[in-house]
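Inspection log for the structure reproduced underneath, given as structure tokens.
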Amino acid sequence: MFKKILVANRGEIAVRVLRACREAGISGVAVYSDVDRAALHVLKADEAYPIGPAPALESYLRMDHILEVAKRCRAEAIHPGYGFLAENPEFPEACEKAGIVFIGPGAQAMRLLGNKISALRTAREVKVPSVPSSGAVEDLATARKLAKEIGYPVMLKASAGGGGKGLRLVQSEKELEQLWQITRDEVAASFKDPTVFLEKYLPAPRHIEIQVMADQDGKVIYFPERECSLQRRHQKILEESPSPIVDPSLRRRMGEAAARLAKKAGYQNAGTVEFLVDRDRNFYFLEMNTRLQVEHPVTEMVTGVDLLHWQIRIAAGEKISLRQDEIQPRGHVLECRINAEDPENQFAPSPGRIQCLEEPGGPGVRCDSGVYAGSEVPIHYDPLISKLVVYGATREEALARSLRALSEYRIAGIRTSIPFFQTLLTHPRVLAGDLSTELLSEILQQPQTQDGEGWQEAVIAAALMYQQSQRRRIESAPSRWRTSAWDERC
Ligand code: MV4
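Right, here's the structure in full:
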């Protein structure tokens, strides 16, 4: 086993990895940019070293600086977290050259799956369903022809895509003509690989993903699904497991499909296979994320498996000793991503010093945080400051507990998305589990819509569990949730 691991990240995920190291008796090394000198991940580490100025390009994205630190402090392995260098195949290559283990997949699998066209091809080879799509499209004439074959509406996508960049819904040939060059230019400016392709558009799907874990022996296991349909600008907001629409048969079919793809790609370590699921519960492969994801605690809490523990052991060459049939969802888990942003001002970033902080606890509550009272939230990075992950025996209990935990959560000095979640978790469609990737923008456009059917029972169940006294407060303005005594002190 490794004696020392360097964490090439910051914030809550760096803290998460450092906790896993401490539990395993491994020394944890933090790296930090100038503005993160006193960040929580630095305080939680056994050693910490500076890697450059605040802009990520000059610090957390500097492979050379990070590898220099790793060599100097004799770290045997590097955990990349998510974002930054996590999905850059040049990083595992550079680690290998430096004789350091990269805790994640190999560069080859990362390249194969990072390219959406080759990932789709690989999926097809192992009979993982996907929506009808084209291969690389070079010019407008070909795009016209292929779009007609697929049938409108279609989506224009970047093969190197991510974060919604170069993603366009195209309703007609006329629109294709208008959008073709704009999209091509945008993709060429955003990615090294300018390739675009077309896909049949699936209206209002759910986004459901499968966590997989593969060891160096080629054993692949899959975990119960996470539903991540509630997103804003391609950023997930709320995640849960199990999905309200997945039954044991669909869970097994999606899991086996994900495991087949991982195996075919020669995948190693933790990864996530994303699917779109339509109203008839057909699932279609979307893409594979070659990293540990933000929402991994949802899977940890619903299965009791420590994913970091296995990531580290697999990277050290250990075989997975878990049996597939041991991995079952138990109860229900919800995760709220708490961002330093102002929900009353179009979710504008809200950096600054955290004056006071009171994180929730109690039954079923796990708060994976990257901040402390007095710490600074820099403007330079992702706005995620913590994840509120809540377990309940049932979905209703998880909802009621999440609302209880949100009501305990106090952060002074910056704006956060906490009040927004208090509204979101009482929305009829959310209470009913009637989710889609388009729901959040519908809610934001018209906050009090009450459409959708069959939600009444769930509303009543969750609301009753949450107590009558809280009900009035849920319906009132979010800003009224603070106690004045606490506010005065902070
Ligand atoms: C789609 C789709 C509908 N049909 N592809 C968005 C991000 C990128 N990873 C793929 N995305 C989508 N691809 C087809 N053929 C709808 C989306 C989509 C979406 C997917 C998952 C989660 C949130 C989303 C929000 C808008 C659109």
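Going by my numbering, the sequence shown opens with residue 79, and the numbers climb by one from there.
We treat Cβ as the ideally placed atom computed from N, Cα and C, and that holds for glycine.
Through-space distance from Thr368 to Glu531, alpha-carbon basis: Its pLDDT being 48, under 50, Glu531 is placed unreliably in this model, and the coordinates cannot settle the point.
Neighbourhood of Arg311 by C-beta, 8 Å cutoff - its chain only, sequence neighbours within 5 removed: Cβ neighbours of Arg311 within its own chain (closer than 8 Å, five residues either side excluded): Gly242.
Cβ neighbour criterion (16 or more within 10 Å) applied to Ser547: With a pLDDT of 41 at Ser547, under the threshold of 50, the modelled position of this residue cannot be trusted, and the question is left open.
Backbone CA spacing between Leu257 and Lys278 [nearest angstrom]: Using only the alpha carbons, I get a separation of about 16 Å.
Near the ligand MV4: Ser250 beta-carbon under 8 Å from a heavy atom: For the ligand MV4, not one heavy atom lies less than 8 Å from the Cβ of Ser250.
Proximity test, Val209 beta-carbon vs the ligand MV4 heavy atom, cut-off 8 Å: Because some heavy atom of the ligand MV4 lies under 8 Å away, the Cβ of Val209 counts as near it: yes.
Unbroken beta strand (DSSP E) run spanning Met79, endpoints: Careful: Met79 lies outside any beta strand (DSSP E) and carries neither H nor E.
3-residue-minimum beta strand (DSSP E) runs that sit fully inside the stretch 243-307, ordered along the chain: The stretch 243-307 contains these whole beta strand (DSSP E) runs: 246-248, 274-278, 284-292 and 298-300.
beta-carbon Gln371 near the ligand MV4 non-hydrogen atom, thresh 8 Å: No; taking the cut-off as 8 Å, the Cβ of Gln371 has no heavy atom of the ligand MV4 nearer than that.
Reduced DSSP secondary structure (H/G/I, E/B, other) of Arg444: Looking at Arg444 - three-state DSSP - the assignment turns out to be strand.
Spatial neighbours of Gly192 in its chain, beta-carbon cut-off 8 Å, leaving aside the 5 residues before and after: So the qualifying residues of the chain are Glu165, Pro167, Ala238 and Thr368.
Every unbroken alpha helix (DSSP H) inside the stretch 92-122 [4 residues or more]: If we require 4 residues or more, the alpha helix (DSSP H) runs fully inside the stretch 92-122 come out as 118-122.
Check whether Phe361 and Pro497 have beta carbons under 9 Å apart: Going by C-beta atoms, Phe361 is not nearer than 9 Å to Pro497.
Pick from Ala201, Gly161, Gly333 and Glu317 that is closest to Phe363, judged by C-alpha positions: Nearest of Ala201, Gly161, Gly333 and Glu317 to Phe363, Cα basis: Ala201.
Heavy atom of the ligand MV4 within 8 Å of Lys149 beta-carbon: Not one heavy atom of the ligand MV4 sits closer than 8 Å to the Cβ of Lys149.
Through-space distance from Ser211 to Gln545, alpha-carbon basis: Here the model assigns Gln545 a pLDDT of 49, short of 50, so the residue's position is not dependable and the matter cannot be decided.
Nearest-angstrom Cβ-Cβ length linking Val107 and Ile129, presumed shorter than 8 Å: The pair is not a contact, with the Cβ atoms about 11 Å apart (cut-off 8 Å).
Secondary structure of Asp325, DSSP reduced to three states: In the structure shown, Asp325 sits in coil (DSSP, three-state: anything other than H, G, I, E or B).
Spatial distance of Cys151 from Tyr127 (CA atoms): Looking at the two C-alpha atoms, the distance is approximately 9 Å.
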